[in-house]
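The sequence shown: position 180 = 180 (the numbering used here), numbered continuously.
A short worksheet on the structure shown next.
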Amino acid sequence: MLFNSIEFLIFFPIVFILYWYFSNRTSIKMRNTFLVIASYIFYGWWDWRFLILIVISSYLDFHIGKVLFATPEQRKRKILLLISLFVNLGMLLYFKYFNFFIESFCTAFTFLGKEIQFNRMNVILPVGISFYTFQTLSYTIDIYKKEFEPTDSIIDFFAFVSFFPQLVAGPIERASHLLPQFSKEKVFDSQRAISGFRLILWGMIKKVVIADRLATYIEPIYSNVDNHNSVSLLIASIFFAIQIYCDFSGYSDIAIGTARSMGFSLMDNFKTPYFSTNVTEYWKRNHISLTTWFRDYIYFPLIEKNPVLWRILSVTMLTFTISGLWHGANWTFVIWGIIQGVYLCFDIIVRKRKKAITKFMRKHSMEYPLTIIRGLITFVMLCFGLIFFRAVTVNDAFSIIYKLVKFQIDVPFWAKSRLWVYYIFGIVLLVTVDSIIRFKGLDKFFKERSLITRWMIYIFGIFAIIFLGVLNDSQFIYFQF
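Structure (structure tokens):
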């Protein structure tokens, strides 16, 4: 079920009302059972057959977690962890990467002068499998590391894995943060609910008014690169950086807002990342739940025993290469991940020199212009990497780069279209609201406004969705990952 669909517009109010009805009149166990059922309906609306994967993953890790915690012998504990990793990652690798690895293997043999025939399997990618797999894996890994105690309630654990607001595209929650919230009493808080609805409204605006509107410009260009010129490709590449941010952070806002209105707290997944002045800062503010997952479960374990520079650089490259592959079974994503790794390695190497330059600029009252310049350079670097992220093939990506380097001034695609008003409106709105979030905070901003002003903003947002949005139930970009 999509957040931007009529089905969800009907589903969520019903669940919201029944949820608070059960919260006040039944036990916590019944409330959480209702959440599991609602979450399974939400996920099964897409394809009920793939619910079995969530059930298998949940059931397995619940019982492995209990046995793992009670087992003192390290060898047995490692075997239990490996079973969890093998089953969860095995399902992920089969559904998401089977064809990719086989095709890559066959292609490698062609370079040796041998051709291997391969019939591609028709494997459907289950929505959200990358997200809930990482979420349930963090549970068993944390128990293995003795950083978390397992829950005794299988209903609570099933609710934790399948919680519908963040089930299919995150944030990827840690058990230590989200799981205990299912065992607590919930009391309806009108201010918290209003804050959640406000975030849902802003997330929906980012999705249908900004991201989906920009997609109408980007899609025809990236799907047919050879027929478009330098200016069109440049604009499309900049627009895509904005589109993917609005699309995914819009989903996260709706997820966080939905959970908040139901008394749950999810982690912030985006903190205005395009205000960053270097790529390191960007990755501390962008897709936070995934980057911290890779940091805690791959990066730190590989460098903690020997944190010398060469090891830090090589593990950084490895981590972001895996991150690229996590995003999709395509070499374009792998190259994008490698580019991010190169950026971060460069940041690590020049970190001391950058501090010296910043100190010099601050001393001569030039810090503000430097911040703007660094922010623009960072944005350009990110846009370059996203060419590979968005391109259908690696050849398309290099074709775009070649045309951008060659650069020929000509009339951009749709230059005379009235849709440019919508594009500019969306981008200005994004910069304005993100500036408010960055420097003041959305809740604080609304708290300082009068009731009339607040309602005028809400009505403006609803009208923007209805009259300026692309209301075609388009899928969120990160559903494919």
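Don't be surprised by glycine CBs; every beta carbon is placed ideally from N, CA and C.
Since this is a predicted model, take the numbers as computed values, not measurements.
{"Asked": "Using a Cβ-Cβ cutoff of less than 6 Å, which residues in the same chain neighbour residue 273 once the five nearest sequence positions on both sides are dropped?", "Found": "282, 285, 286"}
{"Asked": "So for residue 250, helix, strand or coil by DSSP?", "Found": "helix"}
{"Asked": "Run the CB neighbour count on residue 478, radius 10 Å, all protein chains shown included, and call it buried at 16 or more, exposed below.", "Found": "buried"}
{"Asked": "Kindly confirm or deny that the segment 22-36 and the segment 140-160 touch, where touching means at least three C-beta pairs closer than 8 Å.", "Found": "yes"}
{"Asked": "Can you tell me whether residue 286 is helix, strand or coil according to DSSP?", "Found": "coil"}
{"Asked": "At a cut-off of 7 Å, would you count residue 43 as near the ligand SAH, judging by its Cβ distance to the nearest heavy atom?", "Found": "You won't find the ligand SAH in this model; it holds no ligand whatsoever."}
{"Asked": "Please determine if the segment 448-460 and the segment 220-238 are in contact, where contact requires at least 3 C-beta pairs separated by less than 8 Å.", "Found": "no"}
{"Asked": "Rounded to whole angstroms, what's the CA-CA distance from residue 52 to residue 234? Just pull it up for me.", "Found": "44 Å"}
{"Asked": "Using only the alpha-carbon positions, how far apart do residue 261 and residue 338 sit?", "Found": "39 Å"}
{"Asked": "Going along the chain, which residues of its own chain have a beta-carbon closer than 6 Å to the beta-carbon of residue 224, five neighbours each way excluded?", "Found": "none"}
{"Asked": "Examine the Cβ distances between the segment 237-251 and the segment 469-478 and report whether three or more of them are shorter than 8 Å.", "Found": "yes"}
{"Asked": "Once you ignore the five residues that flank residue 423 on each side, which residues in its own chain have a CB closer than 8 Å to its CB?", "Found": "213, 214, 217, 239"}
{"Asked": "What three-state label does DSSP hand residue 88 in the structure shown?", "Found": "helix"}
{"Asked": "Going by beta carbon distance, what residues of the same chain come within less than 7 Å of residue 378, once the five residues before and after it are set aside?", "Found": "276, 277, 278, 279, 282"}
{"Asked": "Run through the segment 190-262 for me and flag every whole alpha helix (DSSP H) of 4 or more residues, listed as ranges in chain order.", "Found": "190-204, 212-222, 230-261"}
{"Asked": "Whether or not the segment 460-475 and the segment 191-207 are in contact is what I'm after, with contact meaning three or more pairs of Cβ atoms, one per stretch, closer than 8 Å; do they touch?", "Found": "yes"}
{"Asked": "Going by Cα to Cα distance, which pick from 14, 61, 320 is closest to residue 161?", "Found": "61"}
{"Asked": "According to DSSP, is residue 432 part of a helix, a strand, or is it coil?", "Found": "helix"}
{"Asked": "At what residues does the alpha helix (DSSP H) containing residue 144 begin and finish?", "Found": "129-144"}
{"Asked": "Taking the alpha-carbon of residue 185 as reference, which of 264, 1, 383 has the nearest alpha-carbon?", "Found": "264"}
{"Asked": "Quick check on the DSSP output: what are the complete alpha helix (DSSP H) runs of length 4 or more inside the segment 429-481, in order along the chain?", "Found": "442-447, 451-468"}
{"Asked": "Hey, how far is the Cα of residue 319 from the Cα of residue 335?", "Found": "13 Å"}
{"Asked": "Measuring alpha carbon to alpha carbon, tell me which of 308, 471, 310, 316 ends up nearest residue 299.", "Found": "316"}
{"Asked": "According to DSSP, simplified to helix, strand and coil, what is residue 3?", "Found": "coil"}
{"Asked": "Give the range of the alpha helix (DSSP H) segment to which residue 410 is assigned.", "Found": "Segment: none, residue 410 is in no alpha helix (DSSP H) and carries neither H nor E."}
{"Asked": "DSSP three-state call for residue 176: helix, strand or coil?", "Found": "helix"}
{"Asked": "Taking only runs that begin and end inside the segment 288-329, name each unbroken alpha helix (DSSP H) of 4 or more residues, in chain order.", "Found": "288-294, 300-303, 309-327"}
{"Asked": "Would you kindly report the start and end of the unbroken alpha helix (DSSP H) that includes residue 66?", "Found": "51-70"}
{"Asked": "Across the segment 76-89 and the segment 134-143, are there enough close Cβ pairs to call them in contact, namely three or more that are closer than 8 Å?", "Found": "yes"}
{"Asked": "Going by C-alpha distance, which of 48, 17, 18 is nearest residue 1?", "Found": "48"}
{"Asked": "Tell me the DSSP secondary structure of residue 187 in three-state form.", "Found": "coil"}
{"Asked": "Look at the Cβ atom of residue 42, then the Cβ atom of residue 134, and state whether they are nearer than 8 Å.", "Found": "no"}
{"Asked": "Measure the Cβ-Cβ separation of residue 76 and residue 130 and say whether it is below 8 Å.", "Found": "no"}
{"Asked": "Under the three-state reduction of DSSP, which class applies to residue 170: helix, strand or coil?", "Found": "coil"}
{"Asked": "CB-CB under 8 Å to residue 381, same chain, minus the five flanking residues each way: which ones, in chain order?", "Found": "279, 343"}
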